[in-house]
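Enquirer: Position 507 of the sequence shown, counting from 1, maps to 507 under the UniProt record's numbering, and the rest follow consecutively. The beta-carbon is built from N, C-alpha and C at its ideal position, and this holds for glycine as well.
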Amino acid sequence: MKKLFSRDHLPAFLQNDRLRLTTVGLVGFAALGVILAFFINFVLGIFLLVLFTALVGTVFYALETVTKNTNAYISDLSYRIKRGEQEALIKMPIGILLYSEANEIEWTNPYLQEYLGKKEVLGESIATIDPELAKLITENEATSEPKTVRWGDNQFEIIIQEGIRVVYLLDITRYAKIEERYNEEQLAIGQIFLDNYDEITQTMTDKNISNLNNYVTNELSNWARHYGMFLKRVDDDHFFIMIYAKTLKKIEADNFKILDRIRERTSKQNYPLTLSMGIAYDDTDLAKLATVSQSNLDLALGRGGDQVVVKSENDQARFYGGKTNPMEKRTRVRARMISQALQEVMNQTDQVFVMGHAQPDMDSLGACLGIRRIAVMNGKKCSIVVNQEHVHTDIQRLLTQLKADPEIGPDILTPDQAPELATDQSLLVMVDHSKPSISTSPVLYHRLANRTIIIDHHRRGEEFPENPMLVYIEPYASSTCELITEMFEYQPKETEAINKLEATAMLAGITVDTKSFSLRTGTRTFDAASYLRSVGADAVMVQRLLKENVDNYIQKNHLIESIEFIRPNMALCLGEETETYDPVIAAQAADTLLSLSGIDASFVVTRRPGGAIGISARSLGEVNVQVIMEQLGGGGHLSNAATQLENTTVAAARDELEQVLAQTEQKTAE
1 MKKLFSRDHL PAFLQNDRLR LTTVGLVGFA ALGVILAFFI NFVLGIFLLV
51 LFTALVGTVF YALETVTKNT NAYISDLSYR IKRGEQEALI KMPIGILLYS
101 EANEIEWTNP YLQEYLGKKE VLGESIATID PELAKLITEN EATSEPKTVR
151 WGDNQFEIII QEGIRVVYLL DITRYAKIEE RYNEEQLAIG QIFLDNYDEI
201 TQTMTDKNIS NLNNYVTNEL SNWARHYGMF LKRVDDDHFF IMIYAKTLKK
251 IEADNFKILD RIRERTSKQN YPLTLSMGIA YDDTDLAKLA TVSQSNLDLA
301 LGRGGDQVVV KSENDQARFY GGKTNPMEKR TRVRARMISQ ALQEVMNQTD
351 QVFVMGHAQP DMDSLGACLG IRRIAVMNGK KCSIVVNQEH VHTDIQRLLT
401 QLKADPEIGP DILTPDQAPE LATDQSLLVM VDHSKPSIST SPVLYHRLAN
451 RTIIIDHHRR GEEFPENPML VYIEPYASST CELITEMFEY QPKETEAINK
501 LEATAMLAGI TVDTKSFSLR TGTRTFDAAS YLRSVGADAV MVQRLLKENV
551 DNYIQKNHLI ESIEFIRPNM ALCLGEETET YDPVIAAQAA DTLLSLSGID
601 ASFVVTRRPG GAIGISARSL GEVNVQVIME QLGGGGHLSN AATQLENTTV
651 AAARDELEQV LAQTEQKTAE
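1. Specify, as a first and last residue, the run of the alpha helix (DSSP H) that glutamine 616 falls within.
2. Quick check on DSSP: helix, strand or coil for histidine 357?
3. Less than 8 Å between C-beta atoms, sequence neighbours within five positions excluded: which residues of the same chain meet that for proline 465?
4. Identify the residues that DSSP records as bridge partners of isoleucine 158: which are they?
5. Based on the DSSP output, what are the partners of tryptophan 223 in its beta bridges?
6. In chain order, which beta strand (DSSP E) runs of at least 3 residues are fully inside the UniProt domain "GGDEF" (185-313)?
7. Whose CA, out of Leu194, Phe47, Leu413, lies closest to the CA of arginine 233?
8. Short check: CB of asparagine 624 to CB of leucine 645, under 7 Å?
9. Any idea which residues DSSP pairs glutamate 104 with across the strands?
10. Which class does threonine 452 belong to by DSSP, given the choice of helix, strand or coil?
11. Give the C-beta separation of valine 385 and methionine 355 to the nearest angstrom, bearing in mind that I take them to be a contact with Cβ-Cβ under 8 Å.
12. If you count every other CB in all the chains shown that lies within 10 Å of the CB of asparagine 378, and 16 or more means buried, which is it?
13. Tell me which residue opens and which closes the alpha helix (DSSP H) that glutamate 579 is part of.
14. Please return the same chain residues whose Cβ sits closer than 7 Å to the Cβ of aspartate 394, not counting the five positions on each side in sequence.
15. When you compare the CB positions of isoleucine 94 and tyrosine 168, do they come within less than 7 Å of one another, or not?
16. In terms of residue numbering, what span does the alpha helix (DSSP H) encompassing alanine 508 cover?
17. Going residue by residue through the segment 329-408, where are the continuous beta strand (DSSP E) segments of at least 3 residues, counting only ones entirely within it?
18. Which term fits asparagine 250, buried or exposed, when burial requires 16 or more other beta carbons within 10 angstroms of its beta carbon?
19. Which residues mark the beginning and the end of the beta strand (DSSP E) in which residue 679 is found?
20. Report the option in Ser530, Pro583, Arg533, Phe603 whose CA atom is closest to the CA atom of isoleucine 563.
21. Among Asn255, Lys515, Phe517, which has the Cα closest to the Cα of threonine 664?
22. If we count Cβ pairs, one from each stretch, closer than 8 Å, do we get three or more for the segment 470-480 versus the segment 497-505?
23. Can you pull the DSSP bridge partners for valine 471?
24. Go to phenylalanine 526, then tell me how far its alpha helix (DSSP H) extends in each direction, as first and last residue.
25. Does the distance from the C-beta atom of aspartate 600 to that of leucine 620 stay below 7 Å?
26. Between which two residues does the beta strand (DSSP E) harbouring arginine 447 extend?
27. Please report how far the alpha carbon of phenylalanine 13 lies from the alpha carbon of isoleucine 158, in whole angstroms.
28. Okay, do the segment 258-270 and the segment 279-294 touch, 3+ Cβ pairs below 8 Å being the bar?
29. Drop a sphere of 10 angstroms on the beta-carbon of tyrosine 73, count the other beta-carbons inside from all chains shown, and report buried for 16 or more, exposed for fewer.
30. Among Gly190, Ala477, Thr648, Leu112, which one has its Cα closest to the Cα of alanine 335?
31. How about isoleucine 189 and methionine 242: are their beta carbons less than 7 Å apart?
32. Which residues share a DSSP beta bridge with tyrosine 320?
33. Express the C-alpha separation of lysine 493 and glutamine 348 in angstroms, rounding to a whole number.
34. Where does glutamate 658 land, buried or exposed, given buried means 16+ other C-beta within 10 angstroms?
35. For a test of the three-state rule: what should DSSP assign to serine 595, helix, strand or coil?
36. Go to arginine 567, then tell me how far its beta strand (DSSP E) extends in each direction, as first and last residue.
Given below as structure tokens:
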């Protein structure tokens with residue numbers, strides 16, 4: 001009996017445990033009902049028995065039919081799935097390659113075979129069949145993540161299962177082309193500014209102005225037409241351009257030769273006109289692109305003009321041009337406006353802090369004294385923040401005299417003291433630099449980051465305070481002391497004017513930065529020096545402050561003895577690896593090299609106190625040392641620049657300099 005009702009003898013649909021129990025339960029319940037009917041009425045029992053037998057037979061037949069159909073459906077579905085897997089493995093648009101430990105091809109699907117040609121590949125080395133594919137597999141074998149690669153004329157996503165030695169190649173050429181086209185057709189917005197248009201046209205006749213305008217417009221229009229750009233003149237000295245990203249790459253490859261062409265041709269007419277451009281890209285928000293392009297143009301102008309700044313919001317800036325010294329402005333309007341704005345800002349503060357760069361020189365400290373005097377003239381207390389350790393002898397002499405002055409001495413603070421005294425209403429003036437990272441007290445800058453004024457004569461770099469209250473950067477000026485000296489004319493006259501010591505220090509700052517009025521001087525430079533002399537600046541004291549001590553003089557000459565020529569008319573001096581040199585000595589050595597015949601540019605590489613390697617670069621204007629130093633993380637002027645390199649050696653710094661010079665030469669040649 002037990003064997004008769006074993007699972008194997010039940011219909012297929014009853015072989016499911018749950019369904020079997022449910023069906024048996026219902027049948028048992030119905031059988032019980034039939035038995036009870038016999039006890040009640042025999043005829044009724046016979047009727048229900050017949051009905052029950054027919055019903056059970058019908059149900060069993062129907063369920064058996066459903067089971068057979070279900071099994072047939074499942075069997076068919078299983079077959080189709082397996083067949084689909086086989087077909088997909090063979091025909092799907094993904095190349096599959098199995099290879100042995102010896103890098104021999106064991107199997108490929110037909111899709112991949114199409115890329116390998118009609119030759120027999122099984123058992124052959126991958127490198128023999130296709131060296132490029134073998135290289136791709138070797139380079140990406142350790143990477144389990146999908147990676148985009150180029151194989152022949154196509155692009156693929158490659159995935160390698162190193163454990164079972166299977167390569168999957170998905171052809172994404174079509175999608176890559178769509179993405180490439182999308183990237184190439186992204187819009188870039190640029191702004192063009194004629195740097196010195198106002199100064200040039202002041203003395204020109206209407207006819208010559210018209211001719212100049214026509215020439216510039218035609219040149220720029222032809223340039224725009226050649227590259228397929230949109231160009232619109234929005235003012236006498238201002239143009240607006242829209243270009244595709246693909247076109248921008250071509251123009252960058254051409255190094256924006258339009259700047260050189262316009263400058264050279266206008267120079268022949270005795271009207272040397274220079275252009276600056278700011279171009280922004282890589283954003284779908286046109287309003288933001290316009291804002292960034294204006295910021296890039298400001299950066300180009302802040303670096304002295306005659307150059308192009310190409311930059312997206314999040315990428316590093318790329319610079320082109322910058323081959324000429326900035327032209328001196330012929331109007332004092334800007335100096336007056338800045339002076340008055342400075343006065344208004346000072347009137348809204350409780351105290352003023354002024355600081356230069358971390359390694360103070362005479363221009364930096366002299367400019368601090370000038371700002372302090374302007375603050376006093378406006379009734380504000382001003383503290384000078386200066387690092388008094390490891391300073392050069394000229395700064396040490398000046399600091400000794402300043403500390404002895406009963407009025408100035410108490411206002412000289414160390415970088416550690418200043419942040420403790422600052423309040424939310426204090427004002428910070430950064431002079432002779434615009435990079436917070438090289439400030440005397442970066443902590444003080446971060447404390448007053450939103451209440452900062454910048455006054456500088458160096459070309460503006462990419463690192464720059466985010467929200468300065470006022471910016472006065474004039475690369476045409478000889479020194480920061482010159483810029484600040486011009487402001488005294490527009491300050492309150494009823495207060496005490498600049499004293500002899502302050503005037504002497506500022507005159508010394510101008511003297512140092514102009515190499516005794518031999519470099520980067522203009523009419524405004526001599527006007528500033530004349531004013532300082534008229535208020536008591538002592539030329540003899542300047543000479544005393546700037547005297548070199550014997551040890552520094554010997555050390556400088558020792559550096560010069562190591563001179564070598566790394567390029568025609570380019571001189572290089574190297575300090576010893578174990579010897580430290582004051583940055584001023586290195587700068588003086590670089591300046592001295594320029595006074596020698598046959599040298600147009602000089603580089604001095606030394607180890608500085610603290611372990612960093614410093615490079616001082618100088619030129620007579622033919623070589624743009626600023627661009628060279630910027631590629632090494634520094635900056636400065638076209639003819640006067642420097643950088644610092646951490647965690648390196650003098651020899652390694654020399655090699656880096658050589659590489660940058662080679663790249664610069666190659667770029668110029670192109």
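Expert: Considering the structure as presented:
1. Here the question's residue 616 lines up with position 616 in the sequence shown. Reading off the sequence, residue 616 comes out as serine, not glutamine. Premise fails: serine 616 lies in the beta strand (DSSP E), 613-619, not in any alpha helix (DSSP H).
2. Your numbering for residue 357 matches position 357 in the sequence shown. In this structure, histidine 357 counts as strand in the three-state DSSP scheme.
3. Mapped onto the sequence shown, residue 465 falls at position 465. Taking C-beta separations shorter than 8 Å and ignoring five residues to either side along the sequence, the partners of proline 465 in its chain run Met430, Ser434, Pro436, Tyr445, Ala449, Thr452, Ile454, following chain order.
4. Position 158 of the sequence shown, counted from the start, is the residue given in the question as residue 158. The partner list for isoleucine 158 (beta bridge, DSSP) reads Lys147, Leu169.
5. As a working note, residue 223 is residue 223 in the sequence shown. The partner list for tryptophan 223 (beta bridge, DSSP) is empty, contrary to what the question assumes.
6. Counting whole runs of 3 or more residues, the UniProt domain "GGDEF" (185-313) contains the beta strand (DSSP E) stretches 187-194, 230-235, 238-244, 275-280, 307-310.
7. Taking the first residue of the sequence shown as position 1, residue 233 is located at position 233. In this structure, Leu194 is the residue among Leu194, Phe47, Leu413 with its C-alpha nearest to the C-alpha of arginine 233.
8. Numbered from 1 along the sequence shown, position 624 holds the residue referred to as residue 624. Numbered from 1 along the sequence shown, position 645 holds the residue referred to as residue 645. Here asparagine 624 is not near leucine 645, since their CB atoms are 7 Å or more apart.
9. Locating residue 104 in the sequence shown gives position 104, counting from the first residue. Ser125, per the DSSP bridge assignment.
10. Within the sequence shown, residue 452 is the residue found at index 452, counting from 1. Of the three classes helix, strand and coil, the one that applies to threonine 452 here is strand, per DSSP.
11. Reading the sequence shown from its first residue, position 385 is the one you call residue 385. Reading the sequence shown from its first residue, position 355 is the one you call residue 355. 4 Å between Cβ atoms; contact.
12. Indexing the sequence shown from 1 puts residue 378 at position 378. Around the beta carbon of asparagine 378, a 10 Å sphere encloses 16 or more other beta carbons of the protein chains shown; the residue is thus reported as buried.
13. Position 579 of the sequence shown, counting from 1, holds the residue named residue 579. First-last for glutamate 579: undefined, no H or E at that position.
14. Along the sequence shown, one-based indexing puts residue 394 at 394. For aspartate 394, where only same-chain residues beyond five positions count, the Cβ hits under 7 Å are Met362, Leu545, Leu546.
15. Your numbering for residue 94 matches position 94 in the sequence shown. Your numbering for residue 168 matches position 168 in the sequence shown. Their beta carbons are under 7 Å apart, which means isoleucine 94 touches tyrosine 168 by this criterion.
16. For this step, residue 508 is matched to residue 508 along the sequence shown. For alanine 508, the uninterrupted alpha helix (DSSP H) segment begins and ends at 500-513.
17. Runs found: 352-355, 382-385.
18. Numbered from its first residue, the sequence shown carries residue 250 at position 250. Checking the sequence shown, residue 250 turns out to be lysine, not asparagine. By the neighbour-count criterion, in which 16 or more other beta carbons inside 10 Å mark a residue as buried, lysine 250 falls on the exposed side.
19. Here the chain comprises residues numbered 1 to 670, so residue 679 is not present and cannot be evaluated.
20. Here residue 563 refers to the residue found at position 563 when the sequence shown is read from its first residue. Comparing Cα-Cα distances from isoleucine 563 to each of Ser530, Pro583, Arg533, Phe603, the minimum goes to Phe603.
21. Start at 1 with the first residue of the sequence shown, and residue 664 comes out as number 664. Considering only alpha carbons, the answer is Asn255.
22. These segments do not touch.
23. Locating residue 471 in the sequence shown gives position 471, counting from the first residue. Paired residue(s): Ile454.
24. What you label residue 526 is simply residue 526 of the sequence shown in a count that begins at 1. If you look at phenylalanine 526, you'll find it in the alpha helix (DSSP H) that goes 523-534.
25. Taking the first residue of the sequence shown as 1, we reach residue 600 at position 600. Taking the first residue of the sequence shown as 1, we reach residue 620 at position 620. Contact: yes.
26. As a first step, residue 447 is located in the sequence shown; it is residue number 447 there, counting from the start. From DSSP, arginine 447 is part of no beta strand (DSSP E) but of the alpha helix (DSSP H) over 442-447.
27. Along the sequence shown, one-based indexing puts residue 13 at 13. Along the sequence shown, one-based indexing puts residue 158 at 158. A caution first: phenylalanine 13 carries a pLDDT of 44, below 50, which makes its placement in the model unreliable, though a value can still be read off. In this structure, the straight-line span from the alpha carbon of phenylalanine 13 to that of isoleucine 158 is close to 48 Å.
28. The segment 258-270 vs the segment 279-294: no contact.
29. Translated into the one-based positions of the sequence shown, residue 73 becomes position 73. Burial call: exposed.
30. Start at 1 with the first residue of the sequence shown, and residue 335 comes out as number 335. Ranking Gly190, Ala477, Thr648, Leu112 by Cα distance to alanine 335 puts Ala477 first.
31. Within the sequence shown, the letter at position 189 stands for residue 189. Within the sequence shown, the letter at position 242 stands for residue 242. Yes, these two residues count as a Cβ contact at 7 Å.
32. In the sequence shown, the residue the question calls residue 320 occupies position 320. For tyrosine 320, which the question treats as bridged, DSSP gives the partners Val308.
33. For the purposes of this step, residue 348 is taken as the residue at position 348 of the sequence shown. For the purposes of this step, residue 493 is taken as the residue at position 493 of the sequence shown. Answer to the nearest angstrom: the Cα atoms are 20 Å apart.
34. Position 658 of the sequence shown holds residue 658. By the 10 Å Cβ count, glutamate 658 comes out exposed.
35. Walking along the sequence shown from the start, residue 595 turns up at place 595. The answer is coil: DSSP assigns serine 595 none of H, G, I, E or B.
36. Position 567 of the sequence shown holds residue 567. If you look at arginine 567, you'll find it in the beta strand (DSSP E) that goes 564-567.
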